[in-house]
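Here's the structure we're looking at; comments come further down.
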C-alpha cells in the first residue's frame, strides 16, 4: 500500500466518523426547520380566518386585533426558543467533536507503527542498490545498517513467497552475519524443509550450528557435514569445517582424519591450521593422561561455587521472563566450548550456582581438562549459550584447582551490544 492510498483511507474514515457524529444533530435541525414552517403556515391560516370572521361580523375589530397580536407573539416566542435550543446544541456537539478528534489523534500517535512502516519502506527502497552491490562483489562495503535493511527487505519478500527456499537461506546467512544465531538457524531450517537436498543450504546450516557454542548443535553440525562429505569426499572446505567441529567436540580420531586431509593445502602460518594442530595435540595428550581402572581418583574433581548478583543500574533491564546461564570456558585458548554450564529460569538475586565436572556438556571435555577458567554469568531471554545483543553479562577468570571447589562472586554489570 502506498502512502497516498493510506492517507486517502484515513481521510475517508475521518469523514465517515464526523458524519456519524453529526447525523443526529442534522436530522434534528431539519425537523426543527420543518416544524417552524408548519407553525408559520398555521398562523397565516388563522389570521386569514380572523379577517374573514371580522368582515362577517362574527367578532369585533378590537377582538380581531387582539387575537392577531397574540398569535404573532406566540410565533415569535416559539421561534426564539427553537433558535436558543439550536445554539445550545451546537456548543456541546462542537466540543465533543473536537475532544473526540484530539483523543483519536493522541491515541493514534501513541500506538501507531509509522516508524516501523517507514523502516520497512526504506529497506524495500534500498533493496535494488544493495542487490547491485552484492552482484558486483562489494559486500565488504556493507555496514550493519545495510545488512539489517537487506534482511528486512528479504523478510517482506518472503511474506509474499513463503516457499522461496533460497530466500530463507539468504535470510539465515544475513541473521548469522548479525550474530542472531537463533533466528539464523530457524530461517535455514525453513529453507531445508522446502529443499532438503540443497548443498548450499546444508553448508549454511552447518555453519550456523557451529557458531552457537552448544555441544548439541555441534553434534548436529557434525552429522550434517558427514552427509555432505559422503557426497563430496574431496571437498577441502567441508573437511576443514569437519575438523573444526570435531575438535570442539573432543573427537580426536575424526579431527585427525580431516586435519591430515587439509594440513598440506593451507599455508603453514595459517591461524586455523595452528589452532587445529594445538587442539589435536591437546586431545591426544588427554587420551594418554586418562587414568585406568583403579588409578582413577574420584576425589580430584574441581569445581566452583559462584554467587551471582546484578548491578543496580541494570535491574531495570531484567526481562520479565528469561534465563540465567552460568558457564566455564578455557581461559588459555580460543576454544569457546563450555566445559561446564548451568541454566535456570530467572529468580531473585543474588543466586548461588555450583559448577563441577557433572555439568560438562561432553564427557570428554570438562573442568578437569582446564588450568584456568573463564567464568561467565549471563542473563538472556532464551536458554542459548551463544550471546545475543541485549544480553546482560558478567565474568571473571579463576584458577582450576584439582580436588577443590573454590568460591567466587560475579556481578552482572554490562549489556551486550
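Residue numbers (our numbering): 6 to 422.
Glycine included, each C-beta is placed from N, C-alpha and C at the ideal position.
Asked                                                                                                                                                                               : Found
Put residue 317 into one of helix, strand or coil per three-state DSSP.                                                                                                             : helix
Rank 214, 283, 220 and 240 by C-alpha distance to the C-alpha of residue 229 and give the top, closest one.                                                                         : 214
Report back the beta-carbon spacing between residue 331 and residue 382 to the nearest angstrom; my notes put them in contact at under 8 Å.                                         : 5 Å
Between residue 184 and the rest of its own chain, which residues show a CB-CB distance below 8 Å, the 5 nearest in sequence each way excluded?                                     : 392, 393 and 394
Should residue 195 go down as buried or exposed, given a rule of 16 or more other Cβ atoms within 10 Å for buried?                                                                  : buried
When the distance is taken between beta carbons, is residue 288 closer than 9 Å to residue 249?                                                                                     : no
Consult DSSP for residue 371 and reduce its assignment to one of helix, strand or coil.                                                                                             : coil
Kindly indicate the opening and closing residues of the beta strand (DSSP E) around residue 328.                                                                                    : 328 to 335
List in chain order: all unbroken beta strand (DSSP E) runs of 3+ residues lying wholly within the segment 357 to 406.                                                              : 377 to 385 and 397 to 404
Count the other C-beta atoms from every protein chain shown that fall within 10 angstroms of the C-beta of residue 340, then say buried if there are 16 or more, exposed otherwise. : buried
Considering only the beta carbon of each residue, do residue 357 and residue 313 sit closer than 9 Å?                                                                               : yes
Starting from the Cα of residue 322, find the closest Cα among 410, 258 and 418 and give me that residue.                                                                           : 418
Residue 199 and residue 168 - do their beta-carbons sit closer together than 9 Å?                                                                                                   : yes
Which of the three DSSP states is assigned to residue 411 in this structure?                                                                                                        : strand
Does the distance from the CB of residue 170 to the CB of residue 178 come in under 9 Å?                                                                                            : no
Can you give me the Cβ contacts of residue 355 inside the same chain, cut-off strictly under 7 Å, excluding the 5 residues immediately before and after it?                         : 312, 313 and 314
Helix, strand or coil, according to DSSP, for residue 23 in the structure here?                                                                                                     : helix
Residue 412: buried (16+ other C-beta within 10 angstroms of its C-beta) or exposed?                                                                                                : exposed
For residue 409, I'd like the list of residues in its chain whose CB is within less than 7 Å of its CB, leaving aside the five on either flank, ordered along the chain.            : 307
Return the residue from the list 75, 46, 367 and 397 that minimises the CA-CA distance to residue 224.                                                                              : 367
If residue 384 sits next to residue 351, beta carbons under 8 Å apart, how far is it from one beta carbon to the other, in whole angstroms?                                         : 7 Å
Keeping to the same chain, check which residues put their C-beta closer than 7 Å to that of residue 59; ignore five residues upstream and five downstream.                          : 66 and 69
Apart from the five residues just before and just after residue 220, which ones in its own chain have a Cβ nearer than 6 Å to its Cβ?                                               : 366 and 367
Whole angstroms is fine: what's the gap from residue 337's alpha carbon to residue 404's?                                                                                           : 11 Å
If you draw a straight line from the alpha carbon of residue 253 to that of residue 342, how long is it in whole angstroms?                                                         : 6 Å
With DSSP as the reference, identify every bridge partner of residue 309, one or two as the case may be.                                                                            : 360 and 411
Using beta-carbon positions only, say whether residue 397 and residue 421 come within less than 9 Å of one another.                                                                 : yes
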